[in-house]
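Notes follow once the structure below has been shown.
Protein chains in written order, with UniProt numbering: chain A, 1 to 390; chain B, 1 to 390.
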């Protein structure tokens with residue numbers, strides 16, 4: 001197939017949350033944008049995700065917050081409990097004071113609902129969405145870049161690599177590989193009516209933290225669905241086995257947990273799982289007319305629930321640096337984007353690792369963690385100001 | 001030798017700090033007391049020890065506090081620092097507010113000075129001090145007890161076993177053995193003038209806590225001496241070797257510590273060392289006319305600096321329960337002593353272990369410990385009220 005579609009200002013490789021956010025932000029600023037997606041549809045697998053105010057402020061600016069709020073849930077609190085004894089450790093109120101402080105609400109939403117909102121928004125903004133497109137390479141020079149794909153070549157003044165954790169385009173800038181944490185996530189999103197479960201207390205995002213494991217659950221879709229994520233360190237991975245993190249390890253990993261947590265395992269899919277990877281920060285995301293964004297630029301462990309949020313910050317920043325349509329200095333603007341974003345995302349990546357270690361600590365460390373959490377004033381925002389703040 | 005000395009009301013086996021405190025407390029209440037000590041002299045090996053208000057209140061009641069204050073030092077603060085980076089973590093002011101709150105000062109004193117004060121006090125109170133006395137057994141019955149020794153038999157209405165961590169008399173009540181922690185202490189007490197060292201900041205008890213190691217130092221003898229204790233987990237012990245904790249392990253154990261700590265190792269004796277042991281709490285300290293006290297009853301790890309203090313609490317309690325001279329109900333009084341003391345000392349023993357774990361934690365636990373310590377309000381007495389309070 002040697003079609004030669006019209007050149008676009010921007011070609012985005014990858015139609016996930018990050019890629020579509022970038023496409024939408026640039027299209028509404030007046031740029032012509034094309035998104036190339038490998039899969040046959042623009043859709044997300046997975047369950048819920050969390051949008052902190054640093055993302056919802058952007059969604060409001062983009063005019064998408066109302067749709068997100070309608071499809072999602074604004075939980076009452078982030079509540080931490082000890083996974084072993086179930087005891088409450090600390091919480092963050094997500095109330096009016098929180099919303100005022102950070103200029104946006106905290107929302108949880110099904111990934112597929114968020115993606116559908118972004119797809120519709122892109123369509124409204126005139127973004128060209130190209131499915132079934134396998135990108136083979138990007139060739140970039142001082143005046144533009146070309147994407148080679150199974151559907152032909154696509155020209156752009158700028159190409160954005162938004163192809164996720166296992167980004168092939170990142171190889172243009174770094175030879176690093178994803179780093180396996182040895183942890184695996186099981187997820188599940190079910191109508192609450194279908195679960196034999198007390199729905200009490202389900203207005204919170206509850207995080208049970210335990211030795212080598214944790215479980216998070218929260219409501220989705222106006223509280224009609226329950227979202228559950230269970231994460232544990234795989235003994236088989238520790239032993240160096242190829243096949244690790246299977247469902248036979250799940251029950252054992254939570255055998256010492258409190259009854260609420262053990263019961264909650266019933267609300268997980270057993271036929272898929274997500275091994276947890278990240279990468280180390282890299283200082284360079286851009287080359288001529290090419291820039292990385294989202295997980296392709298800064299994949300992170302999920303402990304701060306910032307994967308989608310940081311991808312939206314990327315999109316917002318890149319659009320701001322490029323400015324409104326016309327003839328931007330593409331190379332200079334992407335360099336400014338890189339300069340603004342790399343330090344912050346590196347901090348999120350490294351803090352996510354530490355935060356995971358804090359959740360999963362055992363023994364005397366657990367005792368110290370619990371004491372520190374219990375002593376925390378719920379109105380102390382020290383730990384989140386840097387992340388959620390303006 | 002088959003001498004037959006006069007019977008005493010109380011025969012105390014062991015002339016250390018605990019035995020002499022018991023002897024003094026009972027003698028001043030009017031009982032006739034004899035102390036049997038294995039060594040040729042009533043003396044202590046070792047360096048400094050700490051006397052918290054729960055002990056100094058008793059010393060004041062006994063009329064000995066002024067002598068202790070004159071021989072010792074009242075430090076300004078208990079100061080905790082991280083052994084690796086040297087950073088300050090938290091402190092407890094030992095100022096007027098502290099003294100008012102707990103009804104007594106915090107004092108550090110050389111062990112030999114404290115023992116000398118107790119020896120003189122016992123002599124003034126008419127206690128018979130018997131050195132070179134190897135106790136072979138105690139035979140107790142409903143009407144009294146007999147100590148069999150190399151110097152003959154000693155009769156008493158009550159025999160007190162104050163023979164320390166490796167108590168032989170404890171075997172009458174429990175078949176447990178000392179439990180090795182795998183940690184070893186090096187100590188040193190030197191005139192500050194002899195040390196090539198900046199004496200600044202030496203008005204504090206400073207505790208540097210680090211992964212698998214810690215170092216404590218404080219002034220002695222009106223600030224003319226420096227007392228240092230360095231404690232570390234022995235790799236040779238971990239490997240199961242017979243000979244462990246030797247001086248060749250000392251430098252290695254502190255190789256990662258900050259310069260202040262590494263320099264402080266110069267102020268340690270290298271020719272002796274103290275492997276650290278404790279035992280688990282036992283519920284029974286008494287049998288007919290026999291009672292355990294001090295380390296023989298409840299040996300503890302030194303992390304709360306309460307060994308001598310708890311022995312003094314034992315002495316004070318036993319004297320209170322026996323009441324003034326006359327014909328006490330010896331068995332009932334010792335049972336009341338046991339009932340009052342076992343729960344508290346068990347808590348001190350188990351808390352000392354946890355406290356040591358907190359000091360020696362590594363990795364993410366150290367990060368949490370440091371954060372918890374740094375956040376502590378210096379005027380928060382939660383952690384010490386139960387221990388130092390009335």
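C-beta: ideal position from N, C-alpha, C; glycine also.
Residue-chain proximity (residue 375(A), chain B), Cβ-Cβ < 8 Å:
yes
Under 9 Å between beta-carbons, which chain B residues line up against residue 357(A)? List them in chain order, please.
Those within 9 Å of residue 357(A) in chain B are 363, 364 and 367.
So, using beta-carbon positions, are residue 109(A) and residue 162(A) closer together than 8 Å?
no
For the segment 372-380 of chain A and the segment 87-101 of chain A, state whether three or more C-beta atom pairs, one from each stretch, are separated by less than 8 Å.
yes
Chain-ordered chain B contacts of residue 238(A) [CB-CB under 7 Å]:
Those do not exist, as residue 238(A) stays about 17 Å from chain B at its closest Cβ, beyond 7 Å.
Just checking, does the segment 312-323 of chain A make contact with the segment 267-276 of chain A on the three C-beta pairs under 8 Å criterion?
These segments do not touch.
Given that a residue counts as buried once 16 or more other Cβ atoms are within 10 Å of its Cβ, and exposed if not, what is residue 1(A)?
Low per-residue confidence applies at residue 1(A): pLDDT is 45, beneath 50, and the placement is therefore not dependable enough to give any value.
Determine the chain B residues that contact residue 371(A) at a beta-carbon separation under 7 Å, and present them in chain order.
372
Jot down the residue ranges of each uninterrupted beta strand (DSSP E) in the segment 219-306 of chain B, minimum 3 residues, whole runs only, in chain order.
225-233, 274-278 and 290-292
Out of 94(B), 59(B) and 291(B), state which residue places its alpha-carbon closest to the alpha-carbon of residue 13(B).
291(B)
Report buried or exposed for residue 253(B), applying the criterion of at least 16 other Cβ atoms within 10 angstroms of its Cβ.
With a threshold of 16 other beta carbon atoms within 10 Å, residue 253(B) meets it and is buried.
Considering just the uninterrupted stretch of the beta strand (DSSP E) at residue 136(B), what are its terminal residues?
135-141
Under a three-way DSSP split, which group does residue 381(A) fall into?
The three-state secondary structure of residue 381(A), taken from DSSP, is coil.
Check whether chain A comes within 8 Å of residue 1(B), counting only Cβ atoms and requiring the distance to be less than that.
Here the model assigns residue 1(B) a pLDDT of 45, short of 50, so the residue's position is not dependable and the matter cannot be decided.
If contact is defined by three or more beta carbon pairs under 8 Å, each pair taking one atom from either stretch, is the segment 19-26 of chain A in contact with the segment 97-104 of chain A?
No: fewer than three Cβ pairs fall under 8 Å.
Terminal residues of the beta strand (DSSP E) in which residue 90(B) lies:
For residue 90(B), the uninterrupted beta strand (DSSP E) run begins and ends at 88-93, by DSSP.
Hey, is the segment 294-302 of chain B in contact with the segment 203-215 of chain B, meaning 3+ C-beta pairs nearer than 8 Å?
no
Which residues share a DSSP beta bridge with residue 146(B)?
Per DSSP, 139(B) and 155(B).
To the nearest whole angstrom, what separates the beta carbons of residue 348(A) and residue 306(A), a pair I think is in contact under 8 Å?
5 Å
Could you tell me if residue 136(A) is buried or exposed, where buried requires 16 or more neighbouring beta carbons within 10 angstroms of its beta carbon?
exposed
Uninterrupted beta strand (DSSP E) stretches inside the segment 16-62 of chain A (no shorter than 3 residues):
33-36 and 48-51
I need the straight-line Cα distance from residue 338(B) to residue 345(B), nearest angstrom please.
10 Å
Taking residue 127(B) and residue 56(B) to be in contact with their CB atoms under 8 Å, please state how far apart those CB atoms are, rounded to whole angstroms.
Residue 127(B) to residue 56(B), Cβ: 22 Å. No contact.
I need the boundaries of the alpha helix (DSSP H) containing residue 112(B), first residue and last residue.
111-124
Would you list the one or two residues that DSSP bridges to residue 82(B)?
Residue 82(B) pairs with 209(B).
Mark residue 284(B) as exposed unless 16 or more other C-beta atoms lie within 10 angstroms of its C-beta, in which case mark it buried.
exposed
Compare the beta carbon distance of residue 159(A) and residue 145(A) with 8 Å and say whether it is the shorter of the two.
Yes, they are a contact pair.
State the Cα-Cα distance for the pair residue 299(B) and residue 205(B), rounded to the nearest angstrom.
23 Å
Whose C-beta lies closer than 8 Å to the C-beta of residue 9(A) among residues of the same chain, with five residues either side of it excluded?
In the same chain as residue 9(A), and ignoring 5 residues on each side of it, the C-beta atoms closer than 8 Å to its own belong to 26, 31, 32, 33, 156, 157, 158 and 325, in chain order.
Where does residue 348(A) fall in DSSP's three states?
DSSP places residue 348(A) in helix when its eight states are reduced to three.
Which residues in the same chain as residue 121(B) place their Cβ atom closer than 7 Å to its Cβ, once the five residues preceding and following it in sequence are excluded?
24 and 64
Looking only at its own chain, which residues have a Cβ that is under 7 Å from the Cβ of residue 134(A), when we skip the five neighbours before and after it?
38, 149 and 150
What are the boundary residues of the beta strand (DSSP E) that residue 187(B) is part of?
179-191
Of the choices 224(A), 44(A) and 173(A), whose alpha-carbon is the least far from that of residue 281(A)?
Ranked by how close their Cα comes to the Cα of residue 281(A), the residues 224(A), 44(A) and 173(A) have 173(A) in first place.
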